[in-house]
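K.L.:
Chains as they are written, first to last, in my numbering: chain D, 66 to 350; chain C, 1007 to 1387. My structure is below; once you've seen it, I'll send some questions.
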Amino acid sequence: MSPQQLESAACQISANRGLTFAGRVGAGAFKETYKVVDSFGDAFALKIYRPGFPAERTQREIEAMQRCSHLGIAKLVTLAKLQWQGTTVLYSLEEFIPGGTLSRRLTTSLLSPNETIALGAKLIDAVDHIAAQNLVHRDLKPDNIMFRQDGTTPVIVDFGIVRDLTNSSLTGSWQVSGPGTPFFSSPEQLRNDKNLIDWRSDQFSLGVVLALSALGFHPYADQGLSDVEVVQRVADRRSQTDPFKAAAKQVGLPVLVDMTAPWPVERIRTPRELATEWARQQRQK
Amino acid sequence: MPAYHQMGHDSENLLFADGLERYSGAILSPINYEEARVALQIERAREARDFDTVFDPQLYYPRTERGVLREWDYFPDDFDTADLSSSQWWSTLCQRLRDTCVRLRPSAVCSPAIVPATYSDDYFATTLQVGNDFVSLLAGTDISPIQTVIVSYAELSNPTRVRTIASIVSQAKAARVFLVLTGETEPRRELTDTEQLKGAMKLISLLEGARLPVVVGFCSSDVILWKAAGASFCSTGKFFNLRRFTRARFEEPAAGGGQLPYWFEESLYAFVRESDILRIRPHGLIDGTLERNPFAMEIIRRLEANPGQAWIALGWRQYLCWFADFEERVANGSISPGRLLQSAEAAWIQLSDNDVLMEEVRNDGSWLRPWRRAVAEFRSL
């Protein structure tokens, strides 16, 4: 379907459900997102899946979102189908997160250590909730962290490649690397070490996100290294760079070093322990 | 942390024997005792304060000698023929094991696990999945789940493999890990592969570093290595003065264990025979720790009064008493494993220089060098 056809479908869905169509918001690999508003003035994200979307992964994404119920995780309101011009169109309505992405925020300035601690605490709590559902998000990155209206409450979005640890993996063992955004992925994702994937993979990605937020560079980055070379360092399970370790310590965020360790066993074992260690940084500052 | 007593054939009399009170827990054996007897052991242990009773289902080897294991309710009728990759099979086993443990009420229970043909990532992942499901089954009981992890020494000579295994094992939801290290070491031989020992120590160190306390099972004098690596708990039994965890061990008659008495001599960090005691005593190597071990004093008294009189049962006690005492001294920092091994190696050199040779040809202290290297090098692995 062309973008125009998808938008027409979105308008039709809005009309059918008594919603006001408010425009296109963005696009992902398999879906288009629009903003719609109900009669009370509440906004929603209408996501339309393009024909040919991977059905099993989409099913996992939807089930994952339905299992979660947390302020820091985008809430799925409805999942439905529309018969449209001879084809069946799958769509979802999610709460609309109006505060923009962390990516956008970081284009203006880095976060202060105190802001990073506050943001990290909320994201760790959300990741704890995801882990408690036996889920691994696998794509935590600044683009997938949005903010609520208050501008300080982060919300994790896009469960498109979520791993459900209670279900069989959808990733072929023959694949050189597993799904994820390489720059934020853990070594086990990059190497497709499927048995090593657990919530600590999200911990790694979150560590990279928070390092970028507070320090402005990746924990494995060094002078002169391209992003591709940084990713290769991660995949090779080399240690984080000395400048990163020094900077993390200097700004009072030493837990970032544990979070981004090359091996899961060297990271913090449980979300609760991570929350405790993260909060301790605040007290030690 | 105090030592655990690993129950074996005819070991009940040792459980709370005078002189062996420093054990803070027991690993109970369904191979050697039927359910009613184990229930009595637990009942008795409950009378002692803070005594941990750990039930080990001991399903390690299909198709080997099982003692009375078959008589236990949880033992699967199809154990020899089952598809061990079936999650349904494990689920049924775990449920039956849970029911047994709810009746017995031990303070802790190890998750069921088997010794595999190959130690693949999938094997460890399955073992962990079974263990984590078992944790869920025990929710609501006052029984603490322990994750059983069986690893071959051969698997541990590669540092990357060690970290991979540790990363999978640290997915455990249980509060502790019961680590069983397997190999093919013959009775009366010591472990001598430095790389394997370093790997085993690194594995323990990584798990402890991840705040997952490790109970190392089936220990002998190698306890010094595991304590140096930071193991919270080590367990031993009377037969481990001679044998390690090997397939052969489970194929031997349950009453086996050797009929020769052995003495554990800390100054040499070795097991020695009766004639060796008499041989090395003039060199001042026996008397250093006598006062700490009433069974050692009793053996010496008997050897002086009635040489040649059997003392095998006293030998077991002398070893068990030493083990608990040693574990405590390492844990409280009053002895350093590295220094102790260094001193023991020097003592062997001194004996060799004086042509003092032990009765057994291979009892020459040569394993102490690989052990010292393991203690010195495992952290940088």
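Just so you know, even glycine gets a beta-carbon here, dropped at the ideal spot from N, CA and C.
Indicate whether at least one CB of chain D lies closer than 7 Å to the CB of Gln-1101 of chain C.
P.N.:
Cβ-Cβ to chain D under 7 Å: no for Gln-1101 of chain C.
K.L.:
Report back the beta-carbon spacing between Ala-1330 of chain C and Ala-1009 of chain C to the nearest angstrom; my notes put them in contact at under 8 Å.
P.N.:
Rounded, the Cβ-Cβ distance is 4 Å, consistent with contact.
K.L.:
Suppose you measure from the CA of Leu-1162 of chain C to the CA of Ile-210 of chain D; what does that come to, to the nearest Å?
P.N.:
Whole-angstrom Cα-Cα distance: 40 Å.
K.L.:
In whole angstroms, give me the CA-to-CA distance for Gly-1321 of chain C and Pro-284 of chain D.
P.N.:
About 56 Å.
K.L.:
Strictly below 8 Å CB to CB, what residues from chain C border Pro-336 of chain D?
P.N.:
Within 8 Å Cβ-Cβ: nothing; Pro-336 of chain D doesn't reach chain C, min ~12 Å.
K.L.:
Would you grab the beta carbon distance between Leu-205 of chain D and Leu-271 of chain D for me? Rounded to a whole angstrom, and I think it's under 8 Å.
P.N.:
Yes, Leu-205 of chain D and Leu-271 of chain D are in contact; Cβ-Cβ is about 5 Å, under 8 Å.
K.L.:
Could you check whether the stretch 1122-1133 of chain C touches the stretch 1101-1108 of chain C, counting it as contact only if at least three pairs of C-beta atoms, one from each stretch, sit closer than 8 Å?
P.N.:
In short, these stretches do not touch, since the Cβ pair count stays below three.
K.L.:
Count the other C-beta atoms from every protein chain shown that fall within 10 angstroms of the C-beta of Ile-1355 of chain C, then say buried if there are 16 or more, exposed otherwise.
P.N.:
Exposed, because fewer than 16 other Cβ atoms sit within 10 Å of the Cβ of Ile-1355 of chain C.
K.L.:
Could you work out which residues of chain D lie near Ser-1163 of chain C, taking near to mean beta carbons separated by less than 8 Å?
P.N.:
Here the premise fails: no neighbours, minimum Cβ distance about 18 Å.
K.L.:
Along the stretch 240-271 of chain D, where does the CB come closer than 7 Å to a CB of chain C? Name the residues.
P.N.:
Under the 7 Å Cβ criterion, the stretch 240-271 of chain D contributes Asn-260, Leu-261, Asp-263.
K.L.:
Are Gly-106 of chain D and Thr-98 of chain D closer than 7 Å when you measure CB to CB?
P.N.:
Contact: no.
K.L.:
Cβ atoms of Ala-1114 of chain C and Val-1060 of chain C: under 7 Å apart, would you say?
P.N.:
Yes, they are a contact pair.
K.L.:
Name the chain D residues that come within less than 7 Å of Thr-1106 of chain C, Cβ to Cβ?
P.N.:
Those within 7 Å of Thr-1106 of chain C in chain D number zero; the least Cβ separation is about 26 Å.
K.L.:
Out of D:Trp-328, D:Val-322, D:Pro-116, D:Ala-311, state which residue places its alpha-carbon closest to the alpha-carbon of Asp-301 of chain D.
P.N.:
Taking only the C-alpha atoms, the option nearest Asp-301 of chain D is D:Trp-328.
K.L.:
Is there at least one Cβ from chain C nearer than 7 Å to Val-330 of chain D's Cβ?
P.N.:
Taking Cβ atoms only, chain C reaches closer than 7 Å to Val-330 of chain D, which makes this a yes.
K.L.:
Can you check which of these residues, D:Ala-279, D:Glu-342, D:Met-324, is closest to Arg-170 of chain D by C-alpha distance?
P.N.:
Per the Cα distances, D:Ala-279.
K.L.:
Using a 10 Å radius around the Cβ and a threshold of 16 neighbouring Cβ atoms, would you call Gln-148 of chain D buried or exposed?
P.N.:
Counting Cβ neighbours within 10 Å, Gln-148 of chain D comes out exposed, since fewer than 16 surround it.
K.L.:
State the Cα-Cα distance for the pair Leu-290 of chain D and Leu-277 of chain D, rounded to the nearest angstrom.
P.N.:
Their Cα atoms are separated by approximately 16 Å.
K.L.:
With burial defined as no fewer than 16 other Cβ atoms inside 10 Å of the residue's Cβ, what is the status of Asn-1038 of chain C: buried or exposed?
P.N.:
Buried: at least 16 other Cβ atoms inside 10 Å.
K.L.:
Taking only the alpha-carbon atoms, compute the straight-line gap between Met-324 of chain D and Ser-251 of chain D and give it to the nearest angstrom.
P.N.:
Rounded to whole angstroms, Met-324 of chain D to Ser-251 of chain D spans 10 Å at the Cα level.
K.L.:
Determine the direct distance from the alpha carbon of Phe-1224 of chain C to that of Gly-1262 of chain C, and round the result to whole angstroms.
P.N.:
Its pLDDT being 45, under 50, Gly-1262 of chain C is placed unreliably in this model, and the value from its coordinates should be taken loosely. Looking at the two C-alpha atoms, the distance is approximately 16 Å.
K.L.:
Would Arg-132 of chain D and Gln-198 of chain D qualify as a contact pair, given that the criterion is a beta-carbon distance under 7 Å?
P.N.:
Yes, these two residues count as a Cβ contact at 7 Å.
K.L.:
Give me the residue from C:Phe-1245, C:Leu-1020, C:Gln-1315, C:Phe-1184 with the minimum Cα distance to Val-1220 of chain C.
P.N.:
Cα-wise, what sits closest to Val-1220 of chain C is C:Phe-1184.
K.L.:
Taking DSSP as the reference, what is the three-state secondary structure of Cys-133 of chain D?
P.N.:
Coil, per DSSP.
K.L.:
When DSSP labels each residue in this structure, what does Arg-25 of chain D get in the three-state scheme?
P.N.:
No answer is possible for residue 25 of chain D: the residues shown for chain D start at 66 and end at 350.
K.L.:
Tell me whether Gly-88 of chain D is buried or exposed, calling it buried when 16 or more other Cβ atoms sit within 10 Å of its Cβ.
P.N.:
Exposed is the call here.
K.L.:
Going straight from the alpha carbon of Ala-1276 of chain C to that of Gly-1344 of chain C, what length do you get?
P.N.:
C-alpha separation (whole angstroms): 15 Å.
K.L.:
Identify the contact partners of Gln-1153 of chain C in chain D, using a Cβ-Cβ distance below 8 Å as the criterion.
P.N.:
Here the premise fails: no neighbours, minimum Cβ distance about 13 Å.
K.L.:
Beta-carbon within less than 7 Å of Asp-1389 of chain C's beta-carbon, same chain only, minus the 5 sequence neighbours each way: which residues are those?
P.N.:
Because chain C here runs from 1007 to 1387, residue 1389 of chain C falls outside it and cannot be looked at.
K.L.:
Who are the neighbours of Ala-1216 of chain C on chain D, taking C-beta pairs under 7 Å?
P.N.:
Here the neighbours are Val-330, Arg-334.
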